[in-house]
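These protein sequences, in sequence, are chains A and B.
So the first sequence is numbered by numbering that gives the first Met the number 0: it starts at 0 and just counts up by one.
So the second sequence is numbered by numbering that gives the first Met the number 0: it starts at 0 and just counts up by one.
2 protein chains.
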Amino acid sequence: MIKHLSIIGVGLIGGSLALALKKAGVVEQVTGYARSAVAREEALALGIIDNSAETLAEAVADADVIFVAVPMGAMQSVFEQIAAHLKPQAIITDGGSAKQQVVDAARSALGEAFTRFVPGHPIAGTEKSGPSAALAELYQQHRVVLTPVAETDKSALERVRHMWQQAGADVFEMTIEHHDSILAATSHLPHLLAFNLVNQLAQREDCDEVLRYAAGGFRDFSRIASSDAVMWRDICLGNRSAILELLQQYRGGLDLIEKAIREDDGNYLIDIFGRAKQARDTRFAEPGLKDNSEV
Amino acid sequence: MIKHLSIIGVGLIGGSLALALKKAGVVEQVTGYARSAVAREEALALGIIDNSAETLAEAVADADVIFVAVPMGAMQSVFEQIAAHLKPQAIITDGGSAKQQVVDAARSALGEAFTRFVPGHPIAGTEKSGPSAALAELYQQHRVVLTPVAETDKSALERVRHMWQQAGADVFEMTIEHHDSILAATSHLPHLLAFNLVNQLAQREDCDEVLRYAAGGFRDFSRIASSDAVMWRDICLGNRSAILELLQQYRGGLDLIEKAIREDDGNYLIDIFGRAKQARDTRFAEPGLKDNSEV
Numbered sequence: 000m001i002k003h004l005s006i007i008g009v010g011l012i013g014g015s016l017a018l019a020l021k022k023a024g025v026v027e028q029v030t031g032y033a034r035s036a037v038a039r040e041e042a043l044a045l046g047i048i049d050n051s052a053e054t055l056a057e058a059v060a061d062a063d064v065i066f067v068a069v070p071m072g073a074m075q076s077v078f079e080q081i082a083a084h085l086k087p088q089a090i091i092t093d094g095g096s097a098k099q100q101v102v103d104a105a106r107s108a109l110g111e112a113f114t115r116f117v118p119g120h121p122i123a124g125t126e127k128s129g130p131s132a133a134l135a136e137l138y139q140q141h142r143v144v145l146t147p148v149a150e151t152d153k154s155a156l157e158r159v160r161h162m163w164q165q166a167g168a169d170v171f172e173m174t175i176e177h178h179d180s181i182l183a184a185t186s187h188l189p190h191l192l193a194f195n196l197v198n199q200l201a202q203r204e205d206c207d208e209v210l211r212y213a214a215g216g217f218r219d220f221s222r223i224a225s226s227d228a229v230m231w232r233d234i235c236l237g238n239r240s241a242i243l244e245l246l247q248q249y250r251g252g253l254d255l256i257e258k259a260i261r262e263d264d265g266n267y268l269i270d271i272f273g274r275a276k277q278a279r280d281t282r283f284a285e286p287g288l289k290d291n292s293e294v
Numbered sequence: 000m001i002k003h004l005s006i007i008g009v010g011l012i013g014g015s016l017a018l019a020l021k022k023a024g025v026v027e028q029v030t031g032y033a034r035s036a037v038a039r040e041e042a043l044a045l046g047i048i049d050n051s052a053e054t055l056a057e058a059v060a061d062a063d064v065i066f067v068a069v070p071m072g073a074m075q076s077v078f079e080q081i082a083a084h085l086k087p088q089a090i091i092t093d094g095g096s097a098k099q100q101v102v103d104a105a106r107s108a109l110g111e112a113f114t115r116f117v118p119g120h121p122i123a124g125t126e127k128s129g130p131s132a133a134l135a136e137l138y139q140q141h142r143v144v145l146t147p148v149a150e151t152d153k154s155a156l157e158r159v160r161h162m163w164q165q166a167g168a169d170v171f172e173m174t175i176e177h178h179d180s181i182l183a184a185t186s187h188l189p190h191l192l193a194f195n196l197v198n199q200l201a202q203r204e205d206c207d208e209v210l211r212y213a214a215g216g217f218r219d220f221s222r223i224a225s226s227d228a229v230m231w232r233d234i235c236l237g238n239r240s241a242i243l244e245l246l247q248q249y250r251g252g253l254d255l256i257e258k259a260i261r262e263d264d265g266n267y268l269i270d271i272f273g274r275a276k277q278a279r280d281t282r283f284a285e286p287g288l289k290d291n292s293e294v
C-alpha cells in the first residue's frame, strides 16, 4: 500500500499509473502536479488525482512515492526543484524512455536522495497524450524495465517493482546501456524514420492527392509519426549516442539496397527482403503483446 | 457480363477479383492459370476458378477478358506467351504495382493487341499471399488506378473500368508517371524502409530479446516487412527511377535529422516532428479507407 503517491506530469503515462493503482486499491492518496492549470483541472475532474499541487515543492512535500512522468528534457529541472522538499524516506522513480540521461540528471540533482531514485521505463503508451488519454489498463501485461545503478537502494527498487506489478505490468531489470540500445532499435529509430517519411510527403505539392492513394500499409507505418513532437525531440537528444549509432547502421543498409536497385541486383534484394520477412514472421511472435502499446 | 474471364496468377490479387465478380454474378466462367500445380488445385478447390489451365496458351484461348496478376518480373514473359493465342477482341489488363515497366513489356510483346491492353493497379492487398488469402470483399471501397496510354482503345478502357466497379472498387485514371511516383512515395519507399529496419534488427545477436521489448508501434511499423520478397524485388526493380529519386530525398531528410541530433538542435527536430504530426493528423483522414488495405 502506498500512503501518498505524487505524480509529476499527469498525462498518459503518469495518469495511467495513478488510475491503475487506484483501481487496484493500493494507494491511499494521489497528488498531481502539471505545469498547465488546465491539465491539473482535467486530471482532478477525471479522478486521476485527489489533490492538485501548484508547485513542485508542494507536490512532493508529503509524498512517499514520487513518479516523474514529464518529457525527458524537463526531468533535470524537476529533480532540482523537488530535491530540497523530499521526505527523508521518499522514493522517486520515473518513466523516461531513455535512461542514461535521466540517471545523470537525477544523480546530479537529487543529492543523497539519489540512492532512493529507481530509474524506470514502462514500455506502453499510444500516440495520444494528456490526462484524457490515461487508462487504468494501460500497463496490463506490458513490460516495465527498471535500470538500477550501483547506488540504488535495494528496498526502494523492490518497492517500485511491486508498485508496477500492482499496476498489472511485467517488470524486468537491465542495464542502462542495454535498455537504451534496445529502445533505440525498436522505438526511437522507427519513430525517426516515420517522422522523416511523413514530413517528406507533406512537402509535396500533390500531398493531399498522394495521401488519398495511401492505404493501410502506409497508415500503419506512419501512425507513430502522430506522436508528440516535444517528447520525441527530448528522446532523440536524450538517447543521442545509441540513436546515432543505429542510424549509421541503418543508412549503411539503405546504401546497399540503393546500390542493388541501381545495379539491378535482384538476388541481393530477395535475400534482404526474405530475411526480413522471415524475422518478422517467426521471431516477432509475442502472444502477450497487446495492441495498446508504446508507439 | 463477362462470358469468359481468365486469371493469370491465382493469388490474393487475381483470386480476389475472380471471387468478387462471381459474387456479383457478372461472370459466366473463370479459367485460372498458375505456374504451380498446387496453387491451381487450391484455387479450384476454393471455387475461385471453374477450370484450371496447364499452359498460358490454353488459359487465354477462349477468354474475353484476361487479368494478369503475377509478380511484375514475370509480366513480360506472360505477355509473350499469350500474344499469339488471344481471341481477336480479347481485352487484357493487369494488376502490377508500377505501371511504366508493365506497359513497356506489354507494348513490346502484345503486338496489335496492345491497343486492348488496359494497365491497372488495384490499391488493395494484405501482407498475405496465395489463393487462400483471396477475398471477395478485398476491393470493396478500395481504389483501382487505370493508366491508359495514347494507343489504349476507349471501349476496352470502359470495359475494364466497369469490371472493377462491379468488384466494388472506386476507379480512377491517371498518367503512368503520376501513378508510379505516388506509389513509390506511399508504398514502395515505406516497404524498403521497413525491410531494412527489420533486417538490421535480425542481424543483432540480441535480436530475440530486442523483439521481446518491441511494442505496438514497432509491430505496426514493421508489418509490411512481412510482404513477399519476390513481389517486392520486382517492384523495386520495376519502379526503379521513381524509387531512387524518393530514396535520395529521404536520405537528405535523414541527413538533416542526424545533423540536428548531433548538434543538439532541438528546434529543428520539433519543427520536423511537429510538421509530420500535423500532416499525419490532419491530411491523412480518409473516412472511406478500410483496414484491409494494400501493404
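Glycine residues also receive a C-beta, built at the ideal position from the N, C-alpha and C atoms.
None of these values were measured; they are calculated from a predicted model.
At a cut-off of 8 Å, the C-beta of A:Q248 has a neighbouring C-beta in chain B. T125, E126, H141, R142 and V144: these are the residues of the stretch 125 to 148 of chain A whose beta carbon lies less than 9 Å from some beta carbon of chain B, given in chain order. Rounded to the nearest whole angstrom, the CA to CA distance from B:E41 to B:N50 is 12 Å. For a Cβ distance threshold of 9 Å, nothing in chain A lies close to B:E176: the least Cβ distance comes to about 12 Å.
Only those residues of the stretch 14 to 29 of chain A whose C-beta falls short of 7 Å from the nearest C-beta of chain B would be listed, and there are none. Within a 10 Å sphere around the beta-carbon of B:S221 sit 16 or more other beta-carbons, which makes this residue buried.
Scanning chain A for C-beta atoms nearer than 7 Å to the C-beta of B:I256 yields L191 and N195, reported in chain order. The beta carbons of A:I234 and A:H161 sit no closer together than 8 Å. Secondary structure in the stretch 9 to 80 of chain A: the alpha helix (DSSP H) runs of 4 residues or longer, each lying completely within the stretch, are 11 to 22, 36 to 44 and 55 to 59 in chain order. Residue nearest to B:R211 within the set A:A259, A:Q199, A:A166 and A:Q140 is A:Q140 (criterion: CA-CA distance). The C-alpha of A:D254 lies about 25 Å from the C-alpha of A:D179. Note on the stretch 142 to 188 of chain B: whole beta strand (DSSP E) runs with a minimum of 3 residues are 142 to 145 and 169 to 172, in chain order. Beta-bridge analysis with DSSP links A:V117 to A:T92.
Residue contact with chain A for B:I12: absent (no Cβ-Cβ distance below 8 Å to any residue of chain A). Here the stretch 88 to 101 of chain B makes contact with the stretch 62 to 73 of chain B; the two share three or more CB pairs at distances below 8 Å.
Remark: C-beta atoms of A:F116 and B:F194 do not approach each other more closely than 8 Å. In the structure shown, A:K127 falls within a coil segment according to DSSP collapsed to helix, strand and coil. For B:S131, same chain residues with a beta-carbon under 8 Å away, outside a window of 5 residues either side, are E41 and L45 in chain order. Note on geometry: alpha-carbon atoms of B:I175 and B:M230 lie some 19 Å from one another. Taking the Cβ atoms as the reference, A:A38 lies roughly 18 Å from A:V59, outside the contact range of under 8 Å.
Shown here, A:I234 sits in a helix according to DSSP, grouped into three states. The beta-carbon separation of A:A133 and A:L18, rounded to 6 Å, stays under the 8 Å limit for a contact. Taking 7 Å as the upper bound on Cβ-Cβ separation, chain A lies near residues A228, V229, W231, R232, C235, L236 and R239 of the stretch 227 to 241 of chain B. Spanning the alpha carbons of A:T146 and A:F217 requires a straight line of approximately 35 Å. At least 8 Å separates the beta-carbon of B:V148 from that of B:H120.
Approximately 6 Å separates the beta-carbon atoms of A:I48 and A:I6; this is inside 8 Å, confirming the contact.
B:I271 carries a helical assignment under DSSP once its states are collapsed to helix, strand and coil. Residues L55 and V59 of the same chain have their beta carbon placed closer than 6 Å to that of B:I81, with the five preceding and five following residues left out of the count. Boundaries of the alpha helix (DSSP H) around A:L210: C206 to R211. Contact annotation for A:D263 against chain B: L236 and R239 [CB-CB distance below 9 Å, chain order].
Residue pairing of A:L4 in beta bridges, as defined by DSSP: A:V29 and A:V64. Interface annotation for the stretch 197 to 220 of chain B against chain A: V197, N198, Q199, L200, A201, R203, D205, C206, D207, E208, V209, L210, R211, Y212, A213, A214, G215, G216, F217, R218, D219 and F220, criterion Cβ-Cβ distance under 8 Å. Classified as buried, A:P118 has 16 or more neighbouring CB atoms from the shown chains inside 10 Å of its CB. Residue range R239 to R261 is occupied by the alpha helix (DSSP H) that includes B:E257. Under the Cβ distance rule, B:F113 does not count among the residues neighbouring chain A, no pair being separated by less than 8 Å. Exclusion of the five residues before and after A:V209 leaves L200 and R203 as the residues of its chain whose Cβ lies within less than 8 Å of its Cβ.
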